[in-house]
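Encoded as structure tokens, the structure appears first; notes follow it.
2 protein chains.
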Amino acid sequence: MDMLSDADFRARKVKSDNPTSRDIANAAGVSQATVSRALRNSPLVRQDTRDRIHKIARELNYFVNRNAAGLRTHQSDTIALLLFEETKRDHSRVNPFFLSMLGNITRSAANLGYDVLVSFQDMDNDWHVQYQVSNRADGIILLGYGDYVSYREKLRSLSASNTRFIIWGPIIQDHPGHSIGCDNESGGFQATAHLASLGRKRIAFLGNVTKGSPEFIKRYRGYSNALKKANLAKIPELRVDADNEEQLGYQGALRLLDSGEPFDGLFAVTDLIAIGAIRALQDKGVNVPRDVSVVGFDDIPVASYVSPSLTTVQQNSEDASELLVGNLVKLIRNEPVKSTLMPPKLIVRQSCGASSF
Amino acid sequence: MDMLSDADFRARKVKSDNPTSRDIANAAGVSQATVSRALRNSPLVRQDTRDRIHKIARELNYFVNRNAAGLRTHQSDTIALLLFEETKRDHSRVNPFFLSMLGNITRSAANLGYDVLVSFQDMDNDWHVQYQVSNRADGIILLGYGDYVSYREKLRSLSASNTRFIIWGPIIQDHPGHSIGCDNESGGFQATAHLASLGRKRIAFLGNVTKGSPEFIKRYRGYSNALKKANLAKIPELRVDADNEEQLGYQGALRLLDSGEPFDGLFAVTDLIAIGAIRALQDKGVNVPRDVSVVGFDDIPVASYVSPSLTTVQQNSEDASELLVGNLVKLIRNEPVKSTLMPPKLIVRQSCGASSF
DNA sequence: ATCTATTTATGAAATATTTCAAGATCTACT
DNA sequence: AGTAGATCTTGAAATATTTCATAAATAGAT
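Sequence lines, in order, name chains W and P.
Going by the working numbering, the first sequence opens with residue 1050, and the numbers climb by one from there.
Going by the working numbering, the second sequence opens with residue 1050, and the numbers climb by one from there.
Right, dumping it as structure tokens:
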């Protein structure tokens, strides 16, 4: 909110030269109410008048003013997509997985007749009211590896204010609102079980499970379960913290090597971490996948391009986007929805050594 | 526009339970006009009343209804970002360069107080009026490798209807509107000159210059100029068409090999094409960069991950985004702007063989 | 104390729709 | 021809702001 001078207040352009529905009405020799109905194809106006009005509107280059329409209907046919990013020193690159979600969400939304209003957000500001309440959007999608637990209060206030929103993320007991997420535990299990099935006995885990991100904790749980099922020991030294950045994956792998504990398998909690780790291993003369099999998580676009190409757990971003948008629209229409866990899928490439392709 | 039944017309929810500025006025014991001014920090209301009104508004969870405000002011503080994609059979993946532009544009816009409305578009539908005219956005950014030439009429109508828009793309003589783009000719020149400086004598060009995309034609012109300057022959067989897809780059390289004309350098008009081409060369036993040096264009995120990592011409997406948004906002404010060509930068990696890194 | 100028606040108009309540017009049936 | 019922159309109200024109209150100067 910047301070406006008195002069500024006069300077605003207010009169527009676009035609209004009243102009169309005059041109068509009909009331303005009829124009409104005709343009929305209401059965309350006869077919031929409807056609005539449409034609005139097109000729005069008329388009419905969405502000006026929205004011009356309390609808905007718009979805707000709020993207929460981990705080990063390097603020330039958006997490590629979310970027591709963004693309797919926009597409799914378009198919259902919604536009998408994109906004990067901090968890700390007033996002929880800005959008729907100010009638800019009919509903909100929250996207991010968020520590939603500590923001429960905010989510509750969203719920209380009757805001329609849906979260990408884990399903959390006693959590307000609905969410769509992938089954991170199953993903972690699949990744680790795959490593075990390749005969790997000492499987390391790279990723941050102590603070934040419930999805990472679930992936770790899947890892633990898979170890147990395969009768493998869980070696404490082989779990090393790393935040979701390539550089930090690199450093994490170095610490893993420094620990002195040998390992022949590595499950990284995200692809970025995995890619950094592989680079570290290669720099230290460790061959991937011969000496160490590596599996990541996310299937970001680069995963298939790095070398060796990365075996990873894929979250189907297209399906997820469709579910997110579809369910949000249901919420907007007051239809019942239920939170959903989507099954992730293991994509086998070279970094695990299962395939020679 | 779907047909609505009579019943549907009644079913809409119209009454909202959010507080209005009038509620705030009542609570504060002042007129509603004063509330409006106070919340926008107008000097026309005394500081302490202003503070009081702000406080009450916060307590009552009041937010300005943007539709009502926009209706009156003809402003939306929103920028529409229209993304034009090449027609593709595989409609799933968005061009990664544009995706990163999208991220950066959103950020730049946020810095200037604008939200971004994202929309995928065909060149053929009514995009040219939908957004600003319907008061959903104050201005429009057009993003895409578009054949804007053949859409000159549409752009002219945009200009005529006083729509504020700015194009990402080449500066074209006699073209309505303003644009920001990178200097494709210089980029093509740099790429080719670099190959020549490495001693490559027979440099091929992979990319579509016969139809569409003026940026590709400029890159080709840069290529031609660089050959001339280095006293190298331009061999017609070494120019092969390929649209901007990895698969088509792969096929293009195969055709290049089939031509029988030997070549030791390759300039691909985009990174995706280059990556596909490298894969084809490798599949056929041609070593990159030993036998053939390859340079791409765009510096998409994967460029540094493929192996060998791709030497390419970088368009600075961050600076470009900032210029696009900044100039659009100038247009919105009726300030003068001028089209700009941004200098691209050669990023040397492994695929050209200049560096052993 | 009065007048003038400035500061602060207000009522009402304007903005472009959607939709309610009601009025025409038309059709069909007695 | 008259009338009930259906079909089509309309005037006016409602939506939540911003801003114009104006009024009230305050301060300053004579």
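Idealized CB from N, CA, C, for every residue including glycine.
These numbers come from a predicted model, not from an experiment.
- Note down, in chain order, every chain W residue with its Cβ under 7 Å from the Cβ of residue 1119 of chain P. At a beta-carbon threshold of 7 Å, the residues of chain W lying near residue 1119 of chain P are 1116, ordered along the chain.
- Are residue 1241 of chain W and residue 1275 of chain W close, meaning C-beta to C-beta below 8 Å? Going by C-beta atoms, residue 1241 of chain W is nearer than 8 Å to residue 1275 of chain W.
- Contact under 8 Å by Cβ, residue 1170 of chain W with residue 1132 of chain W: Contact flag set, yes.
- Going by Cα to Cα distance, which pick from P/1327, P/1079, P/1188, P/1103 is closest to residue 1090 of chain P? When only C-alpha atoms are compared, the closest one is P/1103.
- Message: Distance check for residue 1267 of chain P and residue 1223 of chain P, CA to CA, integer angstroms please.
- Response: Going by the C-alpha atoms only, they are around 17 Å apart.
- Starting from the Cα of residue 1397 of chain W, find the closest Cα among W/1190, W/1093, W/1105, W/1239 and give me that residue. Nearest option by C-alpha distance: W/1239.
- Could you pull out every residue in the same chain whose Cβ sits closer than 6 Å to the Cβ of residue 1237 of chain W, ignoring the five residues on either side in sequence? In its chain, beyond the 5 residues on either side, 1268, 1271, 1272 have a beta carbon closer than 6 Å to the beta carbon of residue 1237 of chain W.
- Pick from W/1092, W/1264, W/1395 that is closest to residue 1218 of chain W, judged by C-alpha positions: For residue 1218 of chain W, the nearest C-alpha among the options comes from W/1264.
- Task: Could you spell out where the alpha helix (DSSP H) holding residue 1072 of chain P opens and where it closes?
- Result: Counting along the chain, the alpha helix (DSSP H) containing residue 1072 of chain P begins and ends at 1070 to 1077.
- Three-state secondary structure assigned by DSSP to residue 1291 of chain P: It is coil, neither helix nor strand.
- Message: Among the candidates P/1278, P/1312, P/1277, whose CA atom is the shortest distance from the CA of residue 1289 of chain P?
- Response: Looking at P/1278, P/1312, P/1277, the one whose alpha-carbon comes closest to that of residue 1289 of chain P is P/1312.
- Message: Going residue by residue through the segment 1300 to 1367 of chain P, where are the continuous alpha helix (DSSP H) segments of at least 4 residues, counting only ones entirely within it?
- Response: Taken in chain order, the unbroken stretches of alpha helix (DSSP H) that lie wholly in the segment 1300 to 1367 of chain P and span 4 residues or more are 1320 to 1332.
- Task: Could you tell me how far apart the beta carbons of residue 1344 of chain W and residue 1361 of chain W are, in whole angstroms, since I believe they sit closer than 8 Å?
- Result: Rounded, the Cβ-Cβ distance is 6 Å, consistent with contact.
- Item | Secondary structure of residue 1403 of chain P, DSSP reduced to three states | It is coil, neither helix nor strand.
- Query: Applying a beta-carbon distance threshold of less than 7 Å, which residues of chain W neighbour residue 1372 of chain P?
  - Reply: Per Cβ cutoff of 7 Å: no residues; residue 1372 of chain P is ~16 Å from chain W at best.
- Query: How about residue 1356 of chain W: is its C-beta nearer than 8 Å to some C-beta of chain P?
  - Reply: With 8 Å as the cut-off, residue 1356 of chain W counts as an interface residue toward chain P.
- Message: Let me confirm a value: residue 1097 of chain W is counted as buried when at least 16 other C-beta atoms fall within 10 Å, else exposed. Which label applies?
- Response: When all chains shown are included, residue 1097 of chain W counts as exposed.
- Query: Taking the beta strand (DSSP E) that residue 1170 of chain W falls in, what are its first and last residues?
  - Reply: Here the beta strand (DSSP E) through residue 1170 of chain W covers 1164 to 1170.
- Message: Could you tell me the alpha carbon to alpha carbon distance between residue 1058 of chain P and residue 1368 of chain W, rounded to whole angstroms?
- Response: Since pLDDT at residue 1058 of chain P reaches only 38, below the 50 mark, its modelled position is unreliable, and the value read off the structure follows with that caveat. Distance from the CA of residue 1058 of chain P to the CA of residue 1368 of chain W, rounded to the nearest whole angstrom, comes to 32 Å.
- Any Cβ of chain W within less than 8 Å of the Cβ of residue 1205 of chain P? It does not; no Cβ of chain W falls within 8 Å.
- Starting from the beta carbon of residue 1185 of chain W, find every residue of chain P whose beta carbon is closer than 7 Å, and list them in chain order. Chain-order list of chain P residues neighbouring residue 1185 of chain W: 1115, by C-beta distance under 7 Å.
- What residues in its chain sit with their C-beta under 6 Å from that of residue 1149 of chain W, if we drop five residues either side in the sequence? Taken in chain order, the residues that qualify are 1366.
- Query: Whole-angstrom Cβ separation of residue 1128 of chain P and residue 1188 of chain P, contact assumed at under 8 Å?
  - Reply: Their Cβ separation, rounded to whole angstroms, is 6 Å, which keeps residue 1128 of chain P and residue 1188 of chain P in contact under 8 Å.
- Message: For the beta strand (DSSP E) containing residue 1189 of chain P, name the first residue and the last one.
- Response: Where residue 1189 of chain P is concerned, the enclosing beta strand (DSSP E) stretches over 1188 to 1192.
- Query: Helix, strand or coil: how does DSSP classify residue 1281 of chain P here?
  - Reply: Correct three-state label for residue 1281 of chain P: coil.
- Item | First and last residue of the uninterrupted alpha helix (DSSP H) at residue 1083 of chain W | Counting along the chain, the alpha helix (DSSP H) containing residue 1083 of chain W begins and ends at 1081 to 1088.
- Query: Under 7 Å Cβ-Cβ, which residues of chain W neighbour residue 1350 of chain P?
  - Reply: Within chain W, the residues near residue 1350 of chain P are 1145, 1351.
- Message: Out of P/1283, P/1357, P/1391, P/1214, which one is the CA nearest neighbour of residue 1231 of chain P?
- Response: It is P/1391 whose Cα lies nearest to the Cα of residue 1231 of chain P.
- residue 1105 of chain P beta carbon less than 8 Å from that of residue 1077 of chain P: Going by C-beta atoms, residue 1077 of chain P is nearer than 8 Å to residue 1105 of chain P.
- Query: Is there a Cβ from chain W that is less than 8 Å from the Cβ of residue 1336 of chain P?
  - Reply: Chain W, which has no Cβ nearer than 8 Å to the Cβ of residue 1336 of chain P, makes this no.
- Member of P/1233, P/1294, P/1100, P/1302 whose CA lies at the smallest distance from the CA of residue 1254 of chain P: It is P/1302.
- Item | Backbone secondary structure at residue 1214 of chain W - three-state DSSP | Three-state DSSP puts residue 1214 of chain W in a strand.
- Message: Less than 8 Å between the beta carbons of residue 1125 of chain P and residue 1205 of chain P, yes or no?
- Response: Taking C-beta atoms as the reference points, residue 1125 of chain P and residue 1205 of chain P fail to come closer than 8 Å.
- What number of angstroms, rounded off, separates the C-alpha of residue 1351 of chain W from the C-alpha of residue 1359 of chain W? Their Cα atoms are separated by approximately 9 Å.
- Straight-line gap, residue 1380 of chain W to residue 1116 of chain P (C-alpha atoms, nearest Å): Rounded to whole angstroms, residue 1380 of chain W to residue 1116 of chain P spans 22 Å at the Cα level.
- Task: Would you please state the rounded distance, in angstroms, between the beta carbons of residue 1338 of chain W and residue 1300 of chain W? I believe it to be under 8 Å.
- Result: No, residue 1338 of chain W and residue 1300 of chain W are not in contact; Cβ-Cβ is about 21 Å, not under 8 Å.
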